[in-house]
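Peer 1:
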Amino acid sequence: GFDLLTFGEALVSLRSAGPLATGGALTMHLAGAESNVAIGLARLGHRTAWAGRVSDDELGRYVLRQLRAEGVDVDHVTRDPERPAGLMFLERRTADLTRVGYHRAGSAGSALHVDDLRPALAAGTRILHLTGITPALSETAREASRWAAETASRAGALVCLDVNHRARLWSRDDARAVLSPLAGYASVLVASADELDLVGEAGADEATVVAGLLDRGVETVLVKLGGDGARAYTRDGVRHAPALPVTAVDTVGAGDAFTAGYLSGHLDGLDLAGRLRRAVTLGAFAVAGHGDWEALPRRDELSLLDDLQPG
Ligand code: CKP
Ligand code: MG
1 GFDLLTFGEA LVSLRSAGPL ATGGALTMHL AGAESNVAIG LARLGHRTAW AGRVSDDELG
61 RYVLRQLRAE GVDVDHVTRD PERPAGLMFL ERRTADLTRV GYHRAGSAGS ALHVDDLRPA
121 LAAGTRILHL TGITPALSET AREASRWAAE TASRAGALVC LDVNHRARLW SRDDARAVLS
181 PLAGYASVLV ASADELDLVG EAGADEATVV AGLLDRGVET VLVKLGGDGA RAYTRDGVRH
241 APALPVTAVD TVGAGDAFTA GYLSGHLDGL DLAGRLRRAV TLGAFAVAGH GDWEALPRRD
301 ELSLLDDLQP G
């Protein structure tokens with residue numbers, strides 16, 4: 001079995017150095033919240049698998065090659081001969097303004113189906129990770145997400161749901177209607193502060209949403225606060241972890257890094273303080289380096305930021 005199985009859509013991200021409207025060179029990267037998490041865990045030595053559909057062409061081969069190169073198991077990935085790869089443009093419009101554009105409607109990844117996930121789940125996993133992006137992609141991807149969360153939690157796996165609201169894909173109301181029931185399968189719920197009411201009542205405050213989640217059986221609620229770190233709620237109370245004082249150059253992928261660090265700490269048997277420390281450490285690596293996942297640490301690099309005093 002795996003330590004962690006995650007699934008979703010991996011994207012080919014094309015990054016510009018300047019405004020897209022004036023063209024110029026683009027660089028090609030792997031993107032996708034779930035594959036970012038998979039790489040974060042694989043780099044730390046955990047047995048990690050990613051499942052999903054990829055296009056049966058050069059771009060699909062690129063996705064698989066990148067994941068394999070990072071030590072992520074892709075044995076249970078489906079190749080889709082009919083649909084194209086999902087693309088994402090990351091436009092460096094100005095030094096302070098990055099714009100994201102998706103070309104993922106009708107993609108191979110968005111056609112994810114329950115049947116694509118059966119073999120990977122049958123292999124067994126300690127943790128199932130999923131995000132609120134996948135259920136936004138299609139009806140079949142939504143059902144696959146629900147089925148996987150239910151099946152894994154019944155089998156005794158720890159289910160981790162990262163809300164990851166993507167306003168380009170669906171409205172807050174549509175997201176809430178799907179993600180709130182999905183949260184009932186989760187043991188660990190991850191959200192940024194502004195996403196929290198997508199797993200509770202519209203407009204509800206943090207304390208109310210968290211109380212509702214803990215009532216429904218969620219064991220740990222992680223509220224990400226960006227440069228202010230994160231709060232972790234359990235039945236025993238709340239704990240705050242400050243962020244590490246690094247220079248942020250690229251915040252895309254920070255949330256995935258945080259989640260990967262937390263789950264790695266869980267796999268290593270760390271206590272809550274230790275899990276949070278690893279979460280903010282991976283978050284710091286992600287924001288202080290370029291790329292969605294490229295800067296994530298290997299195990300022997302985990303202590304490199306230890307001398308930085310929390311701000
Ligand atoms: O919440 P994060 O910034 O950690 O997520 C970033 C990823 O999957 C990025 O890699 C991108 O491809 C996406 O989120 C997305 O679909 O927006
Ligand atoms: Mg996120």
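Note that our numbering has the sequence shown beginning at 1, numbered continuously upward. In this text, a Cβ means the ideal position worked out from N, Cα and C, and glycines have one as well.
1) In angstroms with no decimal places, state the Cα-to-Cα distance between Phe285 and Ala243.
2) For Ala123, tell me which candidate among Gly283, Thr94 and Leu4 has the shortest Cα-Cα distance.
3) On a Cα-Cα basis, can you pick out the residue from Gly86, Arg92, Asp56 and Ser35 that is closest to Arg68?
4) Going by DSSP, name the residue or residues bridged to Arg231.
5) What are the boundary residues of the alpha helix (DSSP H) that Glu91 is part of?
6) Is the region 270-289 in contact with the region 204-214, if contact means three or more CB pairs nearer than 8 Å?
7) What is the DSSP secondary structure of Thr48, counted as helix, strand or coil?
8) Let's see if you can read the secondary structure: which residues bound the alpha helix (DSSP H) around Asp116?
9) Do Val100 and Met88 count as a contact pair if the criterion is CB distance below 8 Å?
10) When the Cα of Ala25 is compared with those of Ala31, Ser16, Ala33 and Phe2, which residue comes out closest?
11) Would you call the region 180-197 and the region 144-161 touching, i.e. three or more CB-CB distances under 8 Å?
12) Residues in its own chain within less than 6 Å of Gly86 by CB, not counting five upstream and five downstream?
13) Tell me whether Gly32 counts as near the ligand CKP, meaning its Cβ is closer than 7 Å to at least one heavy atom of that ligand.
14) Taking the straight line between their C-alpha atoms, what separation do you get for Val246 and Gly226?
15) Mind checking whether the beta-carbon of Ala284 lies closer than 7 Å to any heavy atom of the ligand MN?
16) Exposed or buried, Val238, counting other C-beta atoms within 10 Å across all chains shown (16 or more means buried)?
17) Opposite Val188 in the DSSP bridges: which residues?
18) Report the three-state DSSP secondary structure of Asp173 (helix, strand or coil).
19) Take every Cβ of the region 171-179, pair it with every Cβ of the region 211-225, and state whether three or more of those distances are shorter than 8 Å.
20) Do Ala254 and Val287 have their C-beta atoms closer together than 8 Å?
21) Have a look at Ala186 and Leu97 and give me their C-alpha separation to the nearest angstrom.
22) With DSSP as the reference, label Ser107 as helix, strand or coil.
23) If you draw a straight line from the alpha carbon of Thr6 to that of Leu128, how long is it in whole angstroms?
24) How far does the beta strand (DSSP E) with Ser303 in it reach, from first residue to last?
Peer 2: With the given structure in hand:
1) Indexing the sequence shown from 1 puts residue 285 at position 285. Indexing the sequence shown from 1 puts residue 243 at position 243. Answer to the nearest angstrom: the Cα atoms are 11 Å apart.
2) In the sequence shown, counting from the first residue as 1, residue 123 sits at position 123. For Ala123, the nearest C-alpha among the options comes from Leu4.
3) As a first step, residue 68 must be located in the sequence shown, where it is residue number 68. In terms of Cα proximity to Arg68, the closest of Gly86, Arg92, Asp56 and Ser35 is Ser35.
4) Along the sequence shown, one-based indexing puts residue 231 at 231. In DSSP, Arg231 forms a bridge with Val223 and His240.
5) Within the sequence shown, numbered from 1, the residue matching residue 91 stands at position 91. Element bounds for Glu91: not the alpha helix (DSSP H) but the beta strand (DSSP E), Leu87 to Thr94.
6) With the cut-off at 8 Å, the region 270-289 and the region 204-214 do not touch.
7) Counting from 1 along the sequence shown, the entry for residue 48 is found at position 48. In the structure shown, Thr48 sits in a strand (DSSP, three-state: E or B).
8) For this step, residue 116 is matched to residue 116 along the sequence shown. First-last of the alpha helix (DSSP H) with Asp116: Val114 to Ala122.
9) Taking the sequence shown and counting its residues from 1, one reaches residue 88 at position 88. Taking the sequence shown and counting its residues from 1, one reaches residue 100 at position 100. Taking 8 Å as the cut-off, the Cβ atoms of Met88 and Val100 count as close.
10) Looking up residue 25 in the sequence shown gives position 25. Cα-wise, what sits closest to Ala25 is Ser16.
11) yes
12) Working through the sequence shown from its first residue, we reach residue 86 at position 86. So the list reads Glu9, Leu11, Arg104, Ser107 and Gly109, once near-sequence residues are dropped.
13) As a first step, residue 32 must be located in the sequence shown, where it is residue number 32. The answer is yes for Gly32.
14) Within the sequence shown, the letter at position 246 stands for residue 246. Within the sequence shown, the letter at position 226 stands for residue 226. Whole-angstrom Cα-Cα distance: 12 Å.
15) You won't find the ligand MN in this model; what it holds is the ligand CKP and the ligand MG.
16) Here residue 238 refers to the residue found at position 238 when the sequence shown is read from its first residue. Val238 should be labelled exposed.
17) Residue mapping note: residue 188 aligns to position 188 of the sequence shown, counting from 1. Cys160 and Thr220.
18) Against the sequence shown, residue 173 aligns to sequence position 173. The answer is helix: DSSP assigns Asp173 an H, G or I state.
19) no
20) Locating residue 254 in the sequence shown gives position 254, where the first residue counts as 1. Locating residue 287 in the sequence shown gives position 287, where the first residue counts as 1. Yes.
21) On the sequence shown, residue 186 is found 186 positions in, with the first residue counted as 1. On the sequence shown, residue 97 is found 97 positions in, with the first residue counted as 1. Roughly 34 Å separates the two Cα atoms.
22) In the sequence shown, counting from the first residue as 1, residue 107 sits at position 107. Looking at Ser107 - three-state DSSP - the assignment turns out to be coil, as it is neither helix nor strand.
23) Within the sequence shown, numbered from 1, the residue matching residue 6 stands at position 6. Within the sequence shown, numbered from 1, the residue matching residue 128 stands at position 128. Rounded to whole angstroms, Thr6 to Leu128 spans 6 Å at the Cα level.
24) The residue given as residue 303 occupies position 303 in the sequence shown. Careful: Ser303 lies outside any beta strand (DSSP E) and carries neither H nor E.
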